[in-house]
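Trainee:
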Amino acid sequence: MLSIAKRTAVGAGLLLIMPVAVWVSGWSWQPGHNVWWLKSLYWITETVTQPWGIITHVVLCAWFLWCLRFRLKAAVMLFAILAAAILVGQGVKSWVKDRVQEPRPFVVWLEKTHHIPVDEFYTLKRKDRGHLVKEQLAEQQDIPTFLRKHWQKETGFAFPSGHTMFAASWALLAVGLLWPRRRTLTIVFLLIWATGVMGSRLLLGMHWPRDLVVATLISWLLVTLATWLAQRVCGPLTPPVQEEKEIAQREQES
Numbered sequence: 001m002l003s004i005a006k007r008t009a010v011g012a013g014l015l016l017i018m019p020v021a022v023w024v025s026g027w028s029w030q031p032g033h034n035v036w037w038l039k040s041l042y043w044i045t046e047t048v049t050q051p052w053g054i055i056t057h058v059v060l061c062a063w064f065l066w067c068l069r070f071r072l073k074a075a076v077m078l079f080a081i082l083a084a085a086i087l088v089g090q091g092v093k094s095w096v097k098d099r100v101q102e103p104r105p106f107v108v109w110l111e112k113t114h115h116i117p118v119d120e121f122y123t124l125k126r127k128d129r130g131h132l133v134k135e136q137l138a139e140q141q142d143i144p145t146f147l148r149k150h151w152q153k154e155t156g157f158a159f160p161s162g163h164t165m166f167a168a169s170w171a172l173l174a175v176g177l178l179w180p181r182r183r184t185l186t187i188v189f190l191l192i193w194a195t196g197v198m199g200s201r202l203l204l205g206m207h208w209p210r211d212l213v214v215a216t217l218i219s220w221l222l223v224t225l226a227t228w229l230a231q232r233v234c235g236p237l238t239p240p241v242q243e244e245k246e247i248a249q250r251e252q253e254s
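One point on numbering: in our numbering, the residue at position 82 of the sequence shown is 82, and numbering is uninterrupted.
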């Protein structure tokens with residue numbers, strides 16, 4: 001358990017560098033970034049947004065199962081553990097959001113520029129909030145159409161970031177489960193992807209830096225437990241003898 005906690009803590013530390021740096025710098029979100037840049041960030045965030053997030057989840061589950069190469073029974077159990085880790089994280093996120101009720105940055109901006117009180121905004125039903133955002137931004141040409149539609153869809157509370165929890169959980173699961181197999185490229189890719197998702201949430205006006213920090217810490221706790229459980233239920237994460245040559249080759253290539 002200690003070795004698992006250590007390596008997932010290293011992964012969490014890497015993920016925290018960006019949001020903590022932004023938080024400490026005092027940066028605050030404002031609309032009006034380059035459209036091409038925002039569009040790129042939008043597609044990064046869409047890899048976690050339904051329905052694309054479901055596809056991402058299935059693809060990553062399949063890749064993890066292939067990398068670990070457990071027998072059928074252990075593979076089924078691992079699939080269930082991976083799914084449970086993500087679902088529990090999303091459940092915790094929803095529970096905290098309902099209690100903290102922190103407004104999103106773009107909602108605070110709407111209050112300042114369109115005189116829509118935050119309290120009144122969140123007393124509306126979700127569908128009505130979306131209609132209000134659409135109505136208020138209909139003539140706001142400096143806000144790209146795709147971003148306006150995204151805001152209309154994402155009118156919930158900010159704290160903590162569900163997108164961050166999803167992406168960070170997968171990145172940390174890679175650190176926890178795949179590091180013993182030296183799947184370095186997969187781990188690096190998922191850490192970069194998760195950081196990209198977090199950055200997109202900031203620059204699209206969806207979250208504050210603290211939302212990302214807390215979401216990452218919650219993910220770290222859940223993933224550490226899930227990795228330990230996977231080791232107990234599915235068998236050791238250390239590779240069998242027949243894979244050692246393949247791993248040695250991957251280490252030389254990296």
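Using N, Cα and C, we set each Cβ at its ideal position, and we do this for glycine too.
From a predicted model like this one, the values you see are computed outputs, not experimental measurements.
Counting only the same chain and skipping the five closest in sequence on each side, list residues whose C-beta sits under 7 Å from that of Ile44.
Mentor: Here residue 44 is taken as the residue at index 44 of the sequence shown, counted from 1. So the list reads Gly196, Val197 and Ser200, once near-sequence residues are dropped.
Trainee: Taking 6 Å as the limit between beta carbons, can you name the residues of its chain near Arg171, skipping five residues before and five after?
Mentor: Residue numbering aside, residue 171 sits at position 171 when the sequence shown is read from its first letter. The question names Arg, yet the displayed sequence has Ala at residue 171. Contacts found: Leu190, Leu191 and Ala194.
Trainee: Between Gly89 and Ile218, is the Cβ-Cβ spacing less than 8 Å?
Mentor: Within the sequence shown, residue 89 is the residue found at index 89, counting from 1. Within the sequence shown, residue 218 is the residue found at index 218, counting from 1. The answer is yes: Cβ separation under 8 Å.
Trainee: May I ask which residues mark the beginning and end of the alpha helix (DSSP H) holding Pro105?
Mentor: As a first step, residue 105 must be located in the sequence shown, where it is residue number 105. That run of the alpha helix (DSSP H) goes Pro105 to His114.
Trainee: From this set, Val214, Val107 and Leu178, which residue's C-alpha is nearest Cys67's C-alpha?
Mentor: For the purposes of this step, residue 67 is identified with residue 67 of the sequence shown, where counting begins at 1. Out of Val214, Val107 and Leu178, Leu178 has the C-alpha closest to the C-alpha of Cys67.
Trainee: Short of 7 Å in beta carbon distance, which residues of its chain neighbour Leu14, apart from the five on each side in sequence? Order them along the chain.
Mentor: Here residue 14 refers to the residue found at position 14 of the sequence shown. Once the five neighbours on either side are set aside, the close Cβ partners of Leu14 are Leu191.
Trainee: Which term fits Val175, buried or exposed, when burial requires 16 or more other beta carbons within 10 angstroms of its beta carbon?
Mentor: On the sequence shown, residue 175 is found 175 positions in, with the first residue counted as 1. So Val175 ends up on the buried side.
Trainee: If we count the other Cβ atoms within 10 Å of its Cβ and call it buried at 16 or more, is Ile55 buried or exposed?
Mentor: Locating residue 55 in the sequence shown gives position 55, counting from the first residue. Under this definition Ile55 is an exposed residue.
Trainee: Let me know if Trp208 comes out buried or exposed under the rule of 16 or more other beta-carbons within 10 Å of its beta-carbon.
Mentor: Reading the sequence shown from its first residue, position 208 is the one you call residue 208. That one is buried.
Trainee: Would you tell me roughly how many angstroms separate the C-alpha atoms of Val233 and Met77, rounded to the nearest one?
Mentor: Here residue 233 refers to the residue found at position 233 of the sequence shown. Here residue 77 refers to the residue found at position 77 of the sequence shown. Their Cα atoms are separated by approximately 7 Å.
Trainee: Of the residues His57, Asp98, Phe79 and Leu137, which one's Cα is nearest the Cα of Leu276?
Mentor: Since the first and last residues shown for the chain are 1 and 254, residue 276 lies out of range.
Trainee: To which residues of the same chain is Leu16 closer than 7 Å at the C-beta, ignoring the five residues directly before and after it?
Mentor: Taking the first residue of the sequence shown as 1, we reach residue 16 at position 16. So the list reads Val213 and Thr216, once near-sequence residues are dropped.
Trainee: Once the 5 residues before and after Gly130 are set aside, which same chain residues still bring their CB inside 8 Å of it?
Mentor: Residue mapping note: residue 130 aligns to position 130 of the sequence shown, counting from 1. If we look at Gly130 and ignore the five residues flanking it on each side, its Cβ neighbours are Gln152, Lys153 and Thr155.
Trainee: Buried or exposed: which applies to Trp37, given that a residue is buried once 16 or more other Cβ atoms fall within 10 Å of its Cβ?
Mentor: Here residue 37 refers to the residue found at position 37 of the sequence shown. The residue in question, Trp37, is exposed, as its Cβ has fewer than 16 Cβ neighbours within 10 Å.
Trainee: Count the CB pairs spanning the region 163 to 170 and the region 45 to 52 that are closer than 8 Å, and state whether there are at least three.
Mentor: yes
Trainee: Suppose you measure from the CA of Leu173 to the CA of Ile4; what does that come to, to the nearest Å?
Mentor: To locate residue 173, count along the sequence shown from 1; it is residue 173. To locate residue 4, count along the sequence shown from 1; it is residue 4. Roughly 10 Å between the two C-alpha positions.
Trainee: For Ala167, which of Lys125, Tyr122, Ala85 and Val96 has the nearest alpha-carbon?
Mentor: In the sequence shown, counting from the first residue as 1, residue 167 sits at position 167. Checking every option, the nearest Cα to that of Ala167 belongs to Ala85.
Trainee: Could you give the DSSP three-state label for Thr123: helix, strand or coil?
Mentor: Within the sequence shown, the letter at position 123 stands for residue 123. Helix at Thr123.
Trainee: With a threshold of 8 Å on Cβ separation, who are the neighbours of Asp98 within its own chain once the five nearest residues in sequence on each side are excluded?
Mentor: On the sequence shown, position 98 is the one that residue 98 refers to. Same-chain partners within the cutoff: Phe157.
Trainee: Might you give, ordered along the chain, the residues of its own chain that have their beta carbon closer than 6 Å to the beta carbon of Gln101, omitting 5 neighbours on each side?
Mentor: For the purposes of this step, residue 101 is identified with residue 101 of the sequence shown, where counting begins at 1. These residues qualify, in order along the chain: Phe157.
Trainee: Exposed or buried, what is Val59 when buried is set at 16 or more other beta-carbons lying within 10 Å of its beta-carbon?
Mentor: Taking the first residue of the sequence shown as 1, we reach residue 59 at position 59. Looking at its Cβ environment, which holds fewer than 16 other Cβ atoms inside 10 Å, Val59 is exposed.
Trainee: Whose C-beta lies closer than 6 Å to the C-beta of Arg148 among residues of the same chain, with five residues either side of it excluded?
Mentor: Looking up residue 148 in the sequence shown gives position 148. Leu137.
Trainee: For the ligand GTP, any of its heavy atoms closer than 7 Å to the Cβ of Leu147?
Mentor: The ligand GTP is absent from the structure shown, which contains no ligands of any kind.
Trainee: Enumerate in chain order the residues of its own chain whose CB-to-CB distance from Gly53 is below 8 Å, with the five nearest sequence positions on each side excluded.
Mentor: Indexing the sequence shown from 1 puts residue 53 at position 53. So the list reads Thr47 and Phe166, once near-sequence residues are dropped.
Trainee: Can you list, in chain order, the residues of its chain whose CB lies under 7 Å from that of Thr8, leaving out five sequence neighbours each side?
Mentor: Here residue 8 refers to the residue found at position 8 of the sequence shown. Excluding residues within five positions, the ones whose Cβ falls inside 7 Å are Leu172, Val175, Gly176, Trp220, Val223, Thr224 and Thr227.
Trainee: Comparing alpha-carbon positions, which option in Lys93, Gly11 and Thr113 lies nearest Gln30?
Mentor: Counting from one through the sequence shown, the residue named residue 30 turns up at place 30. Measuring from the Cα of Gln30, the nearest candidate turns out to be Thr113.
Trainee: Can you give me the C-alpha to C-alpha distance between Gln231 and Leu82, rounded to a whole angstrom?
Mentor: Counting from 1 along the sequence shown, the entry for residue 231 is found at position 231. Counting from 1 along the sequence shown, the entry for residue 82 is found at position 82. One C-alpha to the other measures close to 12 Å.
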